[in-house]
Amino acid sequence: MSLELVLFFVLAAMAIGGAVSLILQRHPIHSALSLIVVMVALAGLYLLLGAEFIAAVQIIVYAGAIMVLFVFVIMLLNAGVEARTNVSRMARYVGLPLGFFLTVELAYWIAGGAGRQAPVSAGPTPTRELARMLFREFVFPFELTSILILIAILGAVVLAKKET
Amino acid sequence: MVPISYYLVLSAILFGLGVVAFIFKRNIITIFMSIELMLNAVNLTFVAFSRALGKLDGQVFVFFVIVVAAAEAAVGLAIILLIARNQQSLNIERVNLLKL
């Protein structure tokens, strides 16, 4: 077993453990911290795939900014432990089997279909290439995202301001 | 060398766990977090394919997905704040204004 494979399995176990913990925890703060574990593990996997820039963005934007926003809102609203309800019978008897079926089916077909693909080659991606691509071929979508962010900021401010 | 199918299976498992969390959790914020988990699982697929096919388009798309996720988080959390202010609760079952 190569070092790469060992690292992959460690990070994958971390990610899956974090995701399971997200489901099992009853307090939103604990769920948020579990999600941060998943994101850090995914950043490690991106590094393993040679996508350094994406790994850095994952840590800075996802684990940093977005999750801080989540934790901030949870603290602000003083969210307590999730209430247990009995209305979720439908979810328990239909949703859970379907969810696991979806997971197994996806994993099965992907493993069967892509198993013949060439193994993932190592080596980092030059960020310079990524930047060139972003600002040449994808410059229009890139500019559109800036408008999207602007609209999102406006929307958040309008939604969250106190009603007069 | 890690075969690409390993990454894809991991991504499928994470996506499935995201779906399960989305169905099972009763807290609006946690449901929102499970959506982020699903987006992350898709991002992993993008990067894995980008590496396997030797093209960078996938990584550029991950960048866009992260931007959209950030915008979504900002607006979504503002909506959650409003709901919490109006309903005095974060339980999804009390948010049934659109229910017939």
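From first to last, the protein sequence lines are chains V and H.
The opening position of the first sequence corresponds to residue 76 in our numbering, with each subsequent residue numbered one higher.
The opening position of the second sequence corresponds to residue 99 in our numbering, with each subsequent residue numbered one higher.
Note that beta-carbon positions come from the ideal geometry of N, C-alpha and C, so glycine has one too.
These numbers come from a predicted model, not from an experiment.
(request) Measure from the alpha carbon of Ser-148 of chain H to the alpha carbon of each residue in H:Val-160, H:Ala-139, H:Asn-138 and H:Ser-132, then state which is nearest. (result) Position 50 of the second sequence, counted from the first residue, corresponds to residue 148 of chain H. Cα-wise, what sits closest to Ser-148 of chain H is H:Val-160.
(message) Quick check on the burial criterion: 16 or more other C-beta atoms within 10 angstroms. Buried or exposed for Met-99 of chain H?
(response) Numbered from its first residue, the second sequence carries residue 99 of chain H at position 1. When all chains shown are included, Met-99 of chain H counts as exposed.
(message) Whether or not the region 104-123 of chain H and the region 169-187 of chain V are in contact is what I'm after, with contact meaning three or more pairs of Cβ atoms, one per stretch, closer than 8 Å; do they touch?
(response) yes
(message) Just to confirm, is the Cβ distance from Glu-157 of chain V to Asn-125 of chain H under 9 Å?
(response) For this step, residue 157 of chain V is matched to residue 82 along the first sequence. For this step, residue 125 of chain H is matched to residue 27 along the second sequence. Against a cut-off of 9 Å, the Cβ pair of Asn-125 of chain H and Glu-157 of chain V comes out as a contact.
(message) Let me see if you follow: with CB-CB separation under 9 Å, is Tyr-121 of chain V close to chain H or not?
(response) Position 46 of the first sequence holds residue 121 of chain V. Tyr-121 of chain V counts as touching chain H.
(request) Could you please give me the residues that DSSP links to Asn-125 of chain H through a beta bridge? (result) Residue 125 of chain H sits at position 27 when you count from the first residue of the second sequence. Partner(s): H:Asn-189.
(message) Short of 6 Å in beta carbon distance, which residues of its chain neighbour Ser-132 of chain H, apart from the five on each side in sequence? Order them along the chain.
(response) Here residue 132 of chain H refers to the residue found at position 34 when the second sequence is read from its first residue. Counting only Cβ-Cβ distances below 6 Å, and skipping sequence neighbours, we find Gly-116, Ala-119 and Phe-120.
(message) Looking at chain H, is there any beta carbon in it that lies within less than 9 Å of the beta carbon of Ala-231 of chain V?
(response) In the first sequence, residue 231 of chain V corresponds to position 156, counting from 1. With a threshold of 9 Å between beta carbons, Ala-231 of chain V makes contact with chain H.
(request) Taking only beta-carbon positions, decide if Tyr-137 of chain V is within less than 9 Å of chain H. (result) Locating residue 137 of chain V in the first sequence gives position 62, counting from the first residue. Closer than 9 Å to some Cβ of chain H, the Cβ of Tyr-137 of chain V qualifies, so yes.
(message) Please report the straight-line C-alpha distance between Val-115 of chain V and Gln-133 of chain V, rounded to a whole angstrom.
(response) To locate residue 115 of chain V, count along the first sequence from 1; it is residue 40. To locate residue 133 of chain V, count along the first sequence from 1; it is residue 58. If you take the alpha carbons of Val-115 of chain V and Gln-133 of chain V, they lie about 8 Å apart.
(message) Below 8 Å on the Cβ atoms is my contact criterion, and I expect Ala-171 of chain H with Leu-152 of chain V to pass it. Report the Cβ-Cβ distance as a whole number of Å.
(response) For the purposes of this step, residue 171 of chain H is identified with residue 73 of the second sequence, where counting begins at 1. For the purposes of this step, residue 152 of chain V is identified with residue 77 of the first sequence, where counting begins at 1. That pair is no contact at about 15 Å.
(request) Please check if any C-beta of chain V sits within less than 9 Å of the C-beta of Leu-198 of chain H. (result) Within the second sequence, the letter at position 100 stands for residue 198 of chain H. So no, Leu-198 of chain H is outside the interface.
(message) With the cut-off set at 9 Å, would you say Ile-111 of chain V and Gly-93 of chain V are in Cβ contact?
(response) What you label residue 111 of chain V is simply residue 36 of the first sequence in a count that begins at 1. What you label residue 93 of chain V is simply residue 18 of the first sequence in a count that begins at 1. If you check the CB distance, Ile-111 of chain V and Gly-93 of chain V come in under 9 Å.
(request) Let me know if Tyr-168 of chain V comes out buried or exposed under the rule of 16 or more other beta-carbons within 10 Å of its beta-carbon. (result) As a first step, residue 168 of chain V must be located in the first sequence, where it is residue number 93. Tyr-168 of chain V is exposed by the Cβ-count criterion.
(message) Restricting to Cα atoms, I'd like to know which of H:Leu-142, H:Ala-139, H:Ile-129 and H:Pro-101 is closest to Leu-175 of chain H.
(response) For the purposes of this step, residue 175 of chain H is identified with residue 77 of the second sequence, where counting begins at 1. Out of H:Leu-142, H:Ala-139, H:Ile-129 and H:Pro-101, H:Ile-129 has the C-alpha closest to the C-alpha of Leu-175 of chain H.
(request) Report the three-state DSSP secondary structure of Glu-180 of chain V (helix, strand or coil). (result) Numbered from 1 along the first sequence, position 105 holds the residue referred to as residue 180 of chain V. If DSSP states are grouped into helix, strand and coil, Glu-180 of chain V belongs with the helices.
(request) Identify which residue in V:Val-148, V:Ala-227 and V:Met-165 has its Cα closest to the Cα of Leu-180 of chain H. (result) What you label residue 180 of chain H is simply residue 82 of the second sequence in a count that begins at 1. The shortest C-alpha separation from Leu-180 of chain H is found at V:Val-148.
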